[in-house]
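Only one structure is covered here, and it is reproduced in the block below.
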Amino acid sequence: MERVASPDLYQVDLERFRGPLDLLLHLIRNQDIDIFDIPIARITAQFLAAIDRADHLELERAGEFLEMAATLVRIKAQMLFPRRVEGGEEEDPRAELVRRLLEYEHFREAARLLEDAERDRSRRWQRGYVEVRPAPASGVPLETTWDEVWEAVLRFAARATEPEPGYRFRGRLVRIEEKIELVLGALRESRRVEFAALVSPWGTRMHAVVSLLACLELAKRSAVLVRQSAPFTPLWVYRRRRGEE
Amino acid sequence: MRASRVVEAVLFASQAPVSAAELARVDEDLDEERVEEAVAELRVEYEREGRAFGIFEIGGGYQLLTRPEFAPVLERFDSVPANARLSAPALETLAIIAYRQPVGRAEIEEIRGVGAGGVLRTLQERELVEVVGRGEGLGRPLLYGTTRRFLEHFGFRSIEDLPRPEELPVVLSQRSEEVKPNGA
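Put into structure tokens, the structure is as follows:
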């Protein structure tokens, strides 16, 4: 039996691996181990050490790794006993694991080739994919007259001198589901809608905040795109085209 | 009107790949063979004139796409966020489905050694895979296969166009047989 190398000599981060087979392959390939003659005690120790170090693994993922750990321990035990000979041919307890590892390795390689193809395809554009950017507003010269400024001052002054009401009341609760419906409704009519247009019928801060949350939620669900060409310019909400990622 | 111009017009106006059969249907003078000739003619013309686009065969059809060397320019110009790339688990699951289709969830999970429910749902939502039938056995499990959208996403002409990693065909053909660890 081979000596068990100190597992701490070989540290791996479990989060990086797509599953127990990925981790096992990493341990085997990175130590130049012959896959047809796996030193099962050493690999088992390293595998268990890797699981041991991962403290916050979600339950389902942890189960997958533990199942493999159990398999490894079982194989290790079987290796200790003299092998049963049937018809003169002895069955290596590692055979099934090796078959699975090789099979998984092939598909991992196939996935890598798919990724290359995906990158290659994404470097070629089809027609209609490019949308012309709106011209930046910053280039437009600012034109205003003193009359307009004075008018604005008067409007502000009028608002400031409105009497404070002697009472406060809580507005109706604004629900995000309501706003999501509103956004989707607006986008059924046209391909895009300006965020300000979604808010203006109400104009209160709470409506604006919840509308924004609704847009972000829809963007997360990949139902809309939210775009702004530069800070402080109009915010646009776009309907996502069917079939577009 | 020359056949190549008709084909060019349709390809120019289409966002998705158009098959030779679909192209042949747009004009009485066209059949699939003439369409193929027209495509070849256009390709020579684009090549000669050094056009920024070319005709690519994707998902069983023809599509006008820009040439890869213009990617840096378009990336800068394009205001629409680039397609989200698929995650590693999604690519692995897709690879298994692509090479083994029709295939059930149990076999996918067996090969990857991890659960596949969430990934399968995502792939279905993105219309990259679909249920193509039901298997034999307990509960008659759903079987999955790839879609035309899958071919478009990766730019493959057909499912035979899939890249083959070395030795992969060996494993594929021996799926039910025992692979001896000391064999080969």
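For the record, the sequence lines run as chains P and F. Quick note: the first sequence, position 71, residue 71 per the numbering used here, numbers continuous. Here the numbering used here runs 1000 ahead of the position in the second sequence, where the first position is 1. Beta carbons are placed, not taken as given, at the ideal position from N, Cα and C, and that holds for glycine.
Taking every protein chain shown into account, the CB of P:Q31 has fewer than 16 other CB atoms within 10 angstroms, so this residue is exposed. Taking 9 Å as the cut-off, the beta carbon of P:A214 is found closer than this to the beta carbon of P:L182. Boundaries of the beta strand (DSSP E) harbouring F:I1058: 1053-1058, taken from the DSSP string.
Residues of chain P whose Cβ lies closer than 7 Å to the Cβ of F:T1066 are, in chain order, R124, W125.
Nearest CB-CB separation between P:F195 and chain F: not below the 9 Å threshold.
With respect to the 9 Å criterion, P:M68 and F:G1113 are classified as neighbours on the basis of their beta carbons. Runs of alpha helix (DSSP H) with 4 or more residues, each lying fully within the stretch 1008-1070 of chain F, are found at 1020-1024, 1032-1049, listed in chain order. For F:G1133, no alpha helix (DSSP H) run applies; the uninterrupted beta strand (DSSP E) run containing it begins and ends at 1129-1134, by DSSP. Contact check between the stretch 1031-1050 of chain F and the stretch 227-238 of chain P: fewer than three CB pairs, one atom from each, fall below 8 Å, which does not count as touching. Relative to the Cα of P:I43, the nearest Cα in the group P:L114, P:F156, P:A54, P:V98 belongs to P:V98. The three-state reading of DSSP puts P:V73 in helix, counting H, G and I together. F:G1145: not part of any alpha helix (DSSP H); member of the beta strand (DSSP E) spanning 1142-1146, first to last residue. Among the residues facing chain F, P:M68 is included, as its CB has a counterpart in that chain under 9 Å away.
As a beta-bridge residue in DSSP terms, P:L225 pairs with P:Y238. Taken atom to atom, the span from the alpha-carbon of P:S122 to that of F:E1152 is near 10 Å. In the three-state scheme derived from DSSP, where H, G and I count as helix and E and B as strand, P:G63 is classed as helix.
In the structure shown, P:R192 falls within a strand segment according to DSSP collapsed to helix, strand and coil. Around the C-beta of F:L1064, 16 or more other C-beta atoms lie within 10 Å, and the residue is accordingly described as buried. Closer than 9 Å to the CB of P:L114 there is at least one CB belonging to chain F. If the five residues before and after F:V1039 are omitted, its C-beta is found closer than 7 Å to the C-beta atoms of V1007, I1055, Y1062, all from its own chain and listed in chain order.
Here F:G1104 is bridged, per DSSP, to F:L1143.
In this structure, DSSP gives P:Q31 a state outside helix and strand, which the three-state scheme calls coil. Annotation: the continuous alpha helix (DSSP H) that includes F:G1117 extends over 1117-1125. Looking at the DSSP output, P:Q126 bridges to F:L1065. Under the 9 Å criterion on CB atoms, F:Y1099 is classed as interfacial with respect to chain P.
Within its own chain, the residues whose Cβ lies closer than 8 Å to the Cβ of P:Q228, once the five positions on either side in sequence are excluded, are P234, L235, W236, listed in chain order. With respect to the C-alpha of P:I176, the residue from P:I75, P:L154, P:V199 having the closest C-alpha is P:V199. When only Cα atoms are considered, F:S1004 and F:L1074 end up about 27 Å apart.
Interface with chain F (9 Å Cβ-Cβ cutoff): P:L184 is excluded. Nearest in C-alpha terms to F:G1059, of all of F:F1154, F:P1163, F:R1164, is F:F1154. In terms of beta-carbon proximity, F:E1033 stays away from the interface with chain P, with every pair separated by 9 Å or more. Comparing alpha carbon positions, the residue from F:F1053, F:V1132, F:R1148 closest to F:P1141 is F:V1132. When Cβ-Cβ separations below 9 Å define contact, F:S1019 makes no contact with chain P. Boundaries of the alpha helix (DSSP H) harbouring P:E217: 205-220, taken from the DSSP string.
For F:S1014, the nearest CB of chain P lies under 9 Å from its own CB, placing it at the interface with that chain.
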